[in-house]
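Asks: Okay, so the sequence shown: first residue is 5 according to our numbering, each after it adds one.
Note that the Cβ used here is the ideal one computed from N, Cα and C, for glycine as well.
None of these values were measured; they are calculated from a predicted model.
Sharing a structure below in structure tokens format, with a few things to ask.
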Amino acid sequence: MPQLPGPAPAPATTLLYVTDLAYPARGRRYGDEDIFLTSRLRGEFALALCHPLDAQALLPGFDAVIVRNSGPVLHHQEAYDAFRAHALATGARVYNPLTGRADMAGKGYLLDLTKAGYPVIPTVDAAADLHLLPQVAEYAVKPAQGADSIGLVFTADPAAHLAEAQAAPGALLVQPRIDFAYEVSFYFVDDAFQYALYAPDPDRRWELVPYEPTPADLGFARAFIGWNTLSHGIQRVDACRAPGGELLLVELEDLNPYLSLDLVPEPVRDAFVTALTGSLRSFLG
Numbered sequence: 005m006p007q008l009p010g011p012a013p014a015p016a017t018t019l020l021y022v023t024d025l026a027y028p029a030r031g032r033r034y035g036d037e038d039i040f041l042t043s044r045l046r047g048e049f050a051l052a053l054c055h056p057l058d059a060q061a062l063l064p065g066f067d068a069v070i071v072r073n074s075g076p077v078l079h080h081q082e083a084y085d086a087f088r089a090h091a092l093a094t095g096a097r098v099y100n101p102l103t104g105r106a107d108m109a110g111k112g113y114l115l116d117l118t119k120a121g122y123p124v125i126p127t128v129d130a131a132a133d134l135h136l137l138p139q140v141a142e143y144a145v146k147p148a149q150g151a152d153s154i155g156l157v158f159t160a161d162p163a164a165h166l167a168e169a170q171a172a173p174g175a176l177l178v179q180p181r182i183d184f185a186y187e188v189s190f191y192f193v194d195d196a197f198q199y200a201l202y203a204p205d206p207d208r209r210w211e212l213v214p215y216e217p218t219p220a221d222l223g224f225a226r227a228f229i230g231w232n233t234l235s236h237g238i239q240r241v242d243a244c245r246a247p248g249g250e251l252l253l254v255e256l257e258d259l260n261p262y263l264s265l266d267l268v269p270e271p272v273r274d275a276f277v278t279a280l281t282g283s284l285r286s287f288l289g
């Protein structure tokens, strides 16, 4: 008796993977990381890569979009805004989901966290509020929509700088310059901690090595993951070790955080890919 054919395999989920392989990031190789990740994700998904400027046009042909190392949005703000509006209007599935409250929405969340009493570098956005900051020799002034230290200046007189810049209310953020011991980053998939890296030398911030977090360190990082309320996604909690020994949030990256996967041991890298694949499967239902 001839053997009957089995059921047809389920069609693979299609992913549009947004990246700028040629983005010239200082001390990092975006392209290498995304080549590695896509080589692993292809085992589970039908996948194609595209530049962020092409994402909106290509979106309708895919089940979902994953935004990865696409560079700072401010380099293609108009295209990103159009992509975001289109995705929200059509109900397109975007990973990370577009409901993030942190860097995805600009740096204004640092003001919210400051007012709410979270352990964050104190932040204000108006000359009238400068008295709320600790008195230090120098202050950092940066655009609320900035990234990669673009537009960052240090000044002893932030009020004068704000007046000279004639910035609209909320356009610039002011923080005390912290004499920190080191910076450390905590990497999460959904709400699950994956690994941590730190820069022992503050002057060489991209020379990262693995970091073994304490329970207190993880409690610090998890507080911000919980605050952001993203059900799925990759998040990076960047912090600095302040002179008093406490950790202070520098930024919560929830749009397209670089992962420095080349700096972690292979088992950690494999575990991250497994976690990401499971998160994407769950997100796509």
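#1: At what residue ranges does the stretch 206-258 contain a whole run of the alpha helix (DSSP H), taking only runs of 4 or more?
#2: In three-state DSSP terms, what is I70?
#3: In angstroms with no decimal places, state the Cα-to-Cα distance between A52 and L19.
#4: Taking only three categories from DSSP, how would you classify S187?
#5: Apply the 10 Å Cβ neighbour rule to S283 and answer buried if 16 or more other Cβ atoms are within range, or exposed otherwise.
#6: Once DSSP output is grouped into helix, strand and coil, what is the label at P180?
#7: May I ask which residues mark the beginning and end of the beta strand (DSSP E) holding Y202?
#8: Helix, strand or coil: which one does DSSP assign to T278?
#9: For my contact list, A96 and V69 are in at a C-beta cut-off of 8 Å; report their separation, rounded to the angstrom.
#10: Please determine if the stretch 190-200 and the stretch 270-288 are in contact, where contact requires at least 3 C-beta pairs separated by less than 8 Å.
#11: Measuring alpha carbon to alpha carbon, tell me which residue in P261, G230 and Y215 is nearest P269.
#12: Any idea if T127 is buried or exposed, counting beta-carbon neighbours within 10 angstroms, 16 or more meaning buried?
#13: Answer with buried or exposed for A120, where buried requires no fewer than 16 other C-beta atoms within 10 angstroms of its C-beta.
#14: Let's see if you can read the secondary structure: which residues bound the alpha helix (DSSP H) around L62?
#15: Considering only DSSP beta bridges, list what K146 is partnered with.
#16: Look at the alpha carbon of A93 and the alpha carbon of F87, and state the distance between them as a whole number of angstroms.
#17: On the three-state DSSP scale, how would you describe V77?
#18: Note down, in chain order, each residue of its chain lying with its Cβ closer than 7 Å to the Cβ of F184, except the 5 sequence neighbours on either side.
#19: Just the C-alpha distance for A12 and L256, rounded to the nearest angstrom, thanks.
#20: Count the CB pairs spanning the stretch 30-46 and the stretch 71-80 that are closer than 8 Å, and state whether there are at least three.
#21: Leaving out the 5 sequence neighbours to the left and right, which residues in its chain are closer than 6 Å to P167 when beta-carbon positions are compared?
#22: Nearest CA to the CA of F49: which residue from Y27, Y21, A148 and F276?
#23: Can you find the residues in the same chain that come closer than 8 Å, C-beta to C-beta, to A148, ignoring five residues on each side of it along the sequence?
#24: From H295 to V145, what distance separates their C-alpha atoms?
#25: Pick from T118, P76 and H80: whose alpha carbon is nearest that of D107?
#26: Quick check on the burial criterion: 16 or more other C-beta atoms within 10 angstroms. Buried or exposed for Q239?
#27: So, at 7 Å on beta carbons, what are the nonlocal neighbours of F228 in its own chain, with the 5 sequence-adjacent residues on each side left out?
#28: Which word fits R273, buried or exposed, when buried means at least 16 other C-beta atoms lie within 10 angstroms of its C-beta?
#29: For L234 versus G104, is the C-beta distance shorter than 8 Å?
Replies: Reading from the atomic positions:
#1: List check, alpha helix (DSSP H) in window: 219-232.
#2: As a position in the sequence shown, residue 70 is number 66, starting the count at 1. Residue state, collapsed to three classes: strand.
#3: Within the sequence shown, numbered from 1, the residue matching residue 52 stands at position 48. Within the sequence shown, numbered from 1, the residue matching residue 19 stands at position 15. Each residue's Cα considered, the two are about 7 Å apart.
#4: Within the sequence shown, the letter at position 183 stands for residue 187. Before going on, a small fix: residue 187 reads as Glu here, not Ser. Reduced to three states, the DSSP call for E187 is strand.
#5: Against the sequence shown, residue 283 aligns to sequence position 279. Buried is the call here.
#6: Walking along the sequence shown from the start, residue 180 turns up at place 176. Here DSSP, grouped into helix, strand and coil, assigns P180 to strand.
#7: As a working mapping, residue 202 is identified with position 198 in the sequence shown. For Y202, the enclosing beta strand (DSSP E) covers residues A196 to A203.
#8: Translated into positions along the sequence shown, residue 278 becomes position 274. Three-state result, T278: helix.
#9: For the purposes of this step, residue 96 is identified with residue 92 of the sequence shown, where counting begins at 1. For the purposes of this step, residue 69 is identified with residue 65 of the sequence shown, where counting begins at 1. Taking C-beta atoms under 8 Å as the contact rule, A96 and V69 qualify, at a distance of about 7 Å.
#10: Touching, per the Cβ criterion.
#11: Position 265 of the sequence shown, counting from 1, holds the residue named residue 269. With distances taken between Cα atoms, P269 lies closest to Y215.
#12: Sequence index remark: in the sequence shown, residue 127 carries index 123 (1-based). Under this definition T127 is a buried residue.
#13: For the purposes of this step, residue 120 is taken as the residue at position 116 of the sequence shown. By the neighbour-count criterion, in which a residue is buried when 16 or more other Cβ atoms sit within 10 angstroms of its Cβ, A120 is exposed.
#14: Your numbering for residue 62 matches position 58 in the sequence shown. Start and end: A59 to L62.
#15: Position 142 of the sequence shown, counted from the start, is the residue given in the question as residue 146. K146 is bridged by DSSP to L177.
#16: For the purposes of this step, residue 93 is taken as the residue at position 89 of the sequence shown. For the purposes of this step, residue 87 is taken as the residue at position 83 of the sequence shown. Approximately 10 Å between the Cα atoms of the pair.
#17: By one-based count along the sequence shown, residue 77 stands at place 73. In this structure, V77 counts as helix in the three-state DSSP scheme.
#18: What you label residue 184 is simply residue 180 of the sequence shown in a count that begins at 1. Take F184, set aside five residues on each side of it, and the residues of its chain with a beta-carbon closer than 7 Å to its own are P206, C244, R245 and A246, in chain order.
#19: Here residue 12 refers to the residue found at position 8 when the sequence shown is read from its first residue. Here residue 256 refers to the residue found at position 252 when the sequence shown is read from its first residue. In this prediction, A12 has a pLDDT of 45, which is less than 50 and means its spatial position is unreliable; nothing more can be read from the coordinates.
#20: They touch, by the three-pair rule.
#21: Mapped onto the sequence shown, residue 167 falls at position 163. Going by the sequence as given, residue 167 is Ala instead of Pro. Around A167: no qualifying Cβ.
#22: For this step, residue 49 is matched to residue 45 along the sequence shown. In terms of Cα proximity to F49, the closest of Y27, Y21, A148 and F276 is Y21.
#23: Your numbering for residue 148 matches position 144 in the sequence shown. Excluding sequence neighbours, A148 sits near G110, K111, G112, D129, G174, A175, L176 and L177.
#24: Nothing can be reported for residue 295: it is not among the residues displayed for the chain, which extend from 5 to 289.
#25: Here residue 107 refers to the residue found at position 103 of the sequence shown. That would be P76, whose Cα lies nearest to the Cα of D107.
#26: Reading the sequence shown from its first residue, position 235 is the one you call residue 239. When all chains shown are included, Q239 counts as buried.
#27: Mapped onto the sequence shown, residue 228 falls at position 224. So the qualifying residues of the chain are V241, L253 and L256.
#28: Residue mapping note: residue 273 aligns to position 269 of the sequence shown, counting from 1. R273 comes out buried.
#29: Locating residue 234 in the sequence shown gives position 230, counting from the first residue. Locating residue 104 in the sequence shown gives position 100, counting from the first residue. The answer is yes: Cβ separation under 8 Å.
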